[in-house]
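Reminder that position 38 of the sequence shown reads as 45 in the working numbering, one-by-one numbering, no gaps.
Don't be surprised by glycine CBs; every beta carbon is placed ideally from N, CA and C.
Working notes, structure below.
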Amino acid sequence: MTPPATPPSSSTFVLTGAQVRTRPDTVAPGDLHVVAERLASGPTAPEAEVVGVDGAHVVPLLVDSAVAQLPPDRRGSFDLVPGNTATFAVVRRPVTAMQVRRMLVVSPRDLLAVWVAGRLEAWDGAPTRPAGQDVADPALRQTWVGTWHDPGRSLQQHLRPDGRYSETRGGRADAYTGRYWVHADRITYLDDSGFWAFGQLVDGVLHHAGFVMTRP
């Protein structure tokens, strides 16, 4: 697909012509309406910008381990349905239910956009702001910056205050390196090797691609 020339300039917009995966196992042609931080029902509000994304796949951003950590009555909060937070990716290729649940990894050429709580994080494969800008805020720095551990899988993920990360896997330093951005309870990664990936912080536990990480 040919991407729109520019992203929407308003926080009220509708994506049209997409394949929308409202839940990991449910996908159908449709539109996605966004008003500020939330998904809304149609029809389009008069002030909404219309963004045609014909043929793209709109998918929720979730990780199975993060969903499992939540109480049952909150596990539907990731679904792309009216009233839920506007957190999703727009991908140029099909995405399977398993990829949504376990490990959504997208190359820059395939990633049209990412919104987290209504804020645009990436557009046409590129970040929308410099790495490190988010964690210049002291509260965000305290929440995110540091070394996160998943001892069961021999992983250490180092989130640096300059917006860079590196991973130590099985004792091998810098197994993966790249940039990261944070907003609300989400983290968005762009690896130096050429892929985007995603994670979520739930009650002090960082979930990413099957890893379940805490800080000492």
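Quiz prompt | Separation of A93 from L213, as counted between CA atoms | solution = 20 Å
Quiz item: In whole angstroms, what separates the C-alpha of D86 from that of P67?
Solution: 6 Å
Quiz item: Which residues bound the beta strand (DSSP E) around R186?
Solution: 179 to 190
Exercise. Excluding the 5 residues preceding and the 5 following R100 in the sequence, name in chain order all residues of the same chain whose CB lies nearer than 6 Å to its CB.
Key: D117
Quiz item: In whole angstroms, what separates the C-alpha of S161 from that of R148?
Solution: 24 Å
Quiz item: Can you tell me the Cα-Cα spacing of A146 and V152, whole angstroms?
Solution: 10 Å
Self-check item: Integer-rounded CB distance, given that Y187 should sit under 8 Å from L208
Solution: That belief does not hold up - the Cβ atoms of L208 and Y187 are roughly 12 Å apart, past 8 Å.
Quiz item: So, do the region 28 to 40 and the region 98 to 114 have three or more beta carbon pairs nearer to each other than 8 Å?
Solution: yes
Self-check item: Contact under 7 Å by Cβ, V70 with A25
Solution: no
Quiz item: Are the beta-carbon atoms belonging to V232 and V98 less than 7 Å from one another?
Solution: Only positions 8 to 223 of the chain appear in the structure, and residue 232 is not among them; the question remains open.
Quiz item: In the DSSP assignment, what are the bridge partners of V58?
Solution: L22
Quiz item: To which residues of the same chain is F218 closer than 7 Å at the C-beta, ignoring the five residues directly before and after it?
Solution: D157, R160, L162
Quiz item: Whose CA, out of I194, S200, A191, A216, lies closest to the CA of T184?
Solution: S200
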